[in-house]
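K.L.:
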Amino acid sequence: MRTILIGTAALAILGLAGCKEKALETGAPVAGGARAVATLKTAAGAEVGRVTASEVAGGLRFTIDAKAMPSGTHGAHVHTTGLCEGPDFASAGGHWNPTGMKHGSMNPQGPHEGDLPNLIIGTDGRGTLGITIPGATMAGLLDGDGSALVVHAAADDLMTDPSGNSGARIACGVFGAS
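Rendered as structure tokens:
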């Protein structure tokens with residue numbers, strides 16, 4: 001009996017180790033993977049950050065480095081069109097949503113592929129965010145009309161369609177191959 005218990009425990013540990021390795025696969029860096037970069041600007045043209053999209057195993061990794069932005073919690077989303085015309089950045093279109101889902105990670109019918117977690121900006125005007133979107137592709141991001149990263153004035157509630165009640169668009173950057 002003791003041998004069976006030890007054998008079962010060993011198999012369970014090996015199974016968990018295999019799960020851990022599998023979880024690390026998505027998001028692992030890809031040698032020579034493509035990158036795209038967007039410079040975030042306000043409607044007045046002030047530069048307020050940079051966004052990098054990098055190909056990783058199983059998806060894209062988005063990294064936002066923001067500066068000189070209003071402190072607080074802000075919705076951040078990848079939008080469908082690579083155009084950032086002020087004053088409201090409506091030219092960036094809606095959220096990147098190639099799979100036709102509803103908005104938000106807390107929505108049972110979501111999320112959009114372009115729904116990112118909230119970006120938290122400190123009292124010094126700086127904030128960072130890093131997230132891997134499984135299944136996202138560089139070809140989809142840099143399609144015929146491109147895409148943009150938009151930062152909103154308010155926090156995203158992560159549920160309400162179409163944009164999480166995240167308010168006005170306060171910064172925008174168009175992705176370009178890097």
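The numbers in my numbering rise by one with no breaks, and the one at position 106 of the sequence shown is 106. Ideal Cβ positions, reconstructed from N, Cα and C, are used throughout, including at glycine.
#1: Relative to the C-alpha of L158, which residue among M138, T73, D88 and R126 is closest?
#2: Along the chain, where does the beta strand (DSSP E) that runs through G72 open and close?
#3: Just curious, the beta strand (DSSP E) that E47 is in, first and last residue?
#4: Identify every run of the alpha helix (DSSP H) within the stretch 132-175, keeping only runs that are complete inside it and at least 4 residues long; order them along the chain.
#5: From what residue to what residue does the beta strand (DSSP E) around K41 run?
#6: I133 and G127 look like a contact to me (Cβ under 8 Å); what is the Cβ gap, rounded to whole Å?
#7: In this structure, does DSSP put A177 in helix, strand or coil?
#8: Can you name, in chain order, every residue of its own chain whose Cβ lies under 8 Å from the Cβ of A17, other than the five neighbours on each side?
#9: Beta-carbon within less than 7 Å of H112's beta-carbon, same chain only, minus the 5 sequence neighbours each way: which residues are those?
#10: Starting from T63, follow its DSSP beta bridges and name the residues at the other end.
#11: In chain order, what residues of the same chain lie with their CB nearer than 7 Å to the CB of G188, ignoring the 5 residues before and after it?
P.N.:
In terms of the structure at hand:
#1: Numbered from 1 along the sequence shown, position 158 holds the residue referred to as residue 158. T73 is the residue among M138, T73, D88 and R126 whose C-alpha sits nearest the C-alpha of L158.
#2: Residue mapping note: residue 72 aligns to position 72 of the sequence shown, counting from 1. Boundaries of the beta strand (DSSP E) around G72: G72 to H74.
#3: By 1-based counting over the sequence shown, the position of residue 47 is 47. It spans E47 to V56 - the beta strand (DSSP E) in which E47 sits, taken as one unbroken run.
#4: List check, alpha helix (DSSP H) in window: 138-141.
#5: Position 41 of the sequence shown, counting from 1, holds the residue named residue 41. Run containing K41: R35 to K41, per the beta strand (DSSP E) assignment.
#6: Position 133 of the sequence shown holds residue 133. Position 127 of the sequence shown holds residue 127. In this structure, I133 and G127 do not form a Cβ contact; the two beta carbons are roughly 19 Å apart against a cut-off of 8 Å.
#7: Taking the first residue of the sequence shown as 1, we reach residue 177 at position 177. In the three-state reduction of the DSSP assignment, A177 falls in the strand class, which pools E and B.
#8: Numbered from 1 along the sequence shown, position 17 holds the residue referred to as residue 17. At A17 the pLDDT is 48, less than 50, meaning the model places this residue with poor confidence; the figure from the coordinates comes in the next sentence. Residues of the same chain with their beta carbon placed closer than 8 Å to that of A17 are lacking, with the five preceding and five following residues left out of the count.
#9: Locating residue 112 in the sequence shown gives position 112, counting from the first residue. Beyond the five residues adjoining it in sequence on each side, H112 comes within less than 7 Å, by CB distance, of H95, W96, N97, M101 and H103 in the same chain, given in chain order.
#10: For the purposes of this step, residue 63 is identified with residue 63 of the sequence shown, where counting begins at 1. DSSP, once it has assigned bridges, lists T52 and G130 as partnering T63.
#11: Nothing can be reported for residue 188: it is not among the residues displayed for the chain, which extend from 1 to 178.
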